[in-house]
Amino acid sequence: MGARLRNIQQKAAEHGRLRTGYTQGNRPVRSANWVVTSHSEEHVRTAAKLWGGTAETWKPLNSTIEQWRVITKSPSIEALITPGDPLNQYNEMWSKGGCQRRCDGETELLTRQPCICAARFGEDWHQQKKGVVCSTTSRLNVMLPDLSGMGMWRAETHSFYAASEWGAMVDMVLAGTDGKGFLPVNLRIEPRQRVADGETKKFPVVVVELRDITPRQALGGPLPTAVALDPSGSRAVAAIEAPRPDYIALAEGALNSDDVRDVWRQARTAGHVAPRGDDDLSRDLMAIAARKDVEAAPVVTVPDEDGAYPAEVIDDTEPEPSGGWPAVAQAGSGARA
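For the sequence shown, position 288 (counting from the first letter as 1) is numbered 501 according to my numbering, and the numbering increases by one without interruption.
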């Protein structure tokens with residue numbers, strides 16, 4: 214692999230935006246379906262073929278640069294969460310002059326003051342009218358696998374209620390994958406309503422949900438790229454539905470404890486035991502290994518009537534390192550190939 218500049222952060226190009234609204238003249242309109250915008254006509258026309266709608270030219274508010282957009286007919290889009298941390302969240306206030314406030318919920322980062330909105334309006338500051346307080350802004354970078362290009366698409370929501378859900382979802386995924394590998398998701402616009410002070414307010418919330426995989430798979434470590442790209446395909450199904458070996462039977466048929474350790478390593482590689490060996494299957498295998506050691510232990514002999522001993526049995530078995538099998542497996546030593 215070639216060299217990289219160490220003083221420049223690598224960042225994939227942004228191909229466009231996934232929006233939950235559009236403008237008619239100067240009036241913002243909420244949309245029940247996704248709106249895809251980009252500088253690329255090709256990307257937008259492909260999106261129109263996939264999710265319906267008509268590609269058209271469009272200018273964002275306060276901009277003289279023409280872009281392309283399609284108001285799709287789909288409330289759900291298939292996407293991939295990419296390696297790293299794809300989510301950024303701030304409370305922001307914008308004007309024609311740019312970003313006036315950017316707050317992490319505790320500190321306004323541009324002035325280094327405590328959260329201005331909370332200081333003025335209390336913990337329910339988000340219920341104030343738009344423009345009076347900051348807007349809770351969540352930006353999720355995803356890849357759209359069915360569109361050309363290897364860049365990112367930015368899904369953005371200003372929903373206070375979606376912010377906590379996005380954060381919880383992404384953090385759970387990062388806990389399971391350590392930010393490595395791709396994860397298939399659906400981005401779905403879901404209608405919600407809230408009743409407060411006798412009034413019913415309806416609003417859309419963008420939901421990020423797993424696509425064709427289970428939480429067990431999502432939290433079990435990085436998925437193979439082929440599975441992430443086609444989680445319901447034949448290769449993915451084969452990987453997901455492969456029958457689990459009967460490790461206990463394999464261990465019972467082993468000749469000695471070293472062979473049982475090999476069975477445990479096989480189970481660990483397949484993701485069927487915990488790396489530290491603190492699961493039920495690991496404990497069962499360790500018990501079998503201990504029994505194999507007892508069965509293979511040399512028999513204590515006594516001299517015969519003439520005072521002769523049987524041939525000496527030398528036990529050159531390597532002692533088990535401290536820490537148990539997981540320590541052996543992680544160190545990669547003391548084990549047979």
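Each residue gets a CB set at the ideal place from its N, CA and C atoms; glycine is no exception.
In this structure, does DSSP put residue i in helix, strand or coil?
{"i": "Gly389", "result": "helix"}
{"i": "Val486", "result": "coil"}
{"i": "Ala376", "result": "helix"}
{"i": "Asn399", "result": "strand"}
{"i": "Ala292", "result": "strand"}
{"i": "Gly229", "result": "strand"}
{"i": "Gln237", "result": "strand"}
{"i": "Met356", "result": "strand"}
{"i": "Leu423", "result": "strand"}
{"i": "Met365", "result": "strand"}
{"i": "Ser287", "result": "coil"}
{"i": "Leu436", "result": "coil"}
{"i": "Arg429", "result": "helix"}
{"i": "Ser495", "result": "helix"}
Excluding five sequence neighbours on each side, which residues of the same chain lie with their C-beta closer than 7 angstroms to the C-beta of residue i?
{"i": "Gln313", "result": "Met306 and Trp307"}
{"i": "Glu465", "result": "Ile501"}
{"i": "His371", "result": "Ser348, Thr349 and Thr350"}
Ordered along the chain, which non-local residues of its own chain (more than five positions away) have a Cβ less than 6 angstroms from that of residue i?
{"i": "Val450", "result": "At Val450, the pLDDT of 49 sits below 50, so the modelled position is not reliable; the number obtained from the coordinates is stated separately. If we look at Val450 and ignore the five residues flanking it on each side, it has no Cβ neighbours."}
{"i": "Trp338", "result": "Cys330, Ala331 and Val346"}
{"i": "Ile453", "result": "Bear in mind that the predicted position of Ile453 carries a pLDDT of just 49, short of 50, making it too unreliable to give a figure here."}
{"i": "Phe373", "result": "His339 and Thr349"}
{"i": "Ala260", "result": "Val249 and Val283"}
Pull up the DSSP beta-bridge partners for residue i, would you.
{"i": "Trp281", "result": "Ser251 and Thr270"}
{"i": "Phe416", "result": "Arg405"}
{"i": "Val469", "result": "Going by the sequence as given, residue 469 is Asn instead of Val. Asn469 pairs with nothing; no bridge assigned."}
{"i": "Thr370", "result": "Ser351"}
Please work out which residues of its chain come closer than 8 angstroms, Cβ to Cβ, to residue i, disregarding the five sequence neighbours upstream and downstream, and give them in chain order.
{"i": "Pro288", "result": "Ala245, Asn246, Trp247, Arg401, Ile402 and Glu403"}
Query - Three-pair Cβ contact test at 8 angstroms for the region 310-330 versus the region 274-282 - result: no
Query raised in the report: Contact between the region 345-354 and the region 294-302: three or more CB pairs below 8 angstroms?
Result: yes
**Report entry** Every unbroken alpha helix (DSSP H) within the region 310-338, with a cutoff of 4 residues, ordered by chain
**Finding:** 329-334
Query raised in the report: Mind pulling the beta strand (DSSP E) runs of 3 or more residues that sit fully within the region 246-276?
Result: 269-271
Query raised in the report: Just checking, does the region 317-325 make contact with the region 373-389 on the three C-beta pairs under 8 angstroms criterion?
Result: no
Query raised in the report: So, do the region 248-256 and the region 424-441 have three or more beta carbon pairs nearer to each other than 8 angstroms?
Result: no
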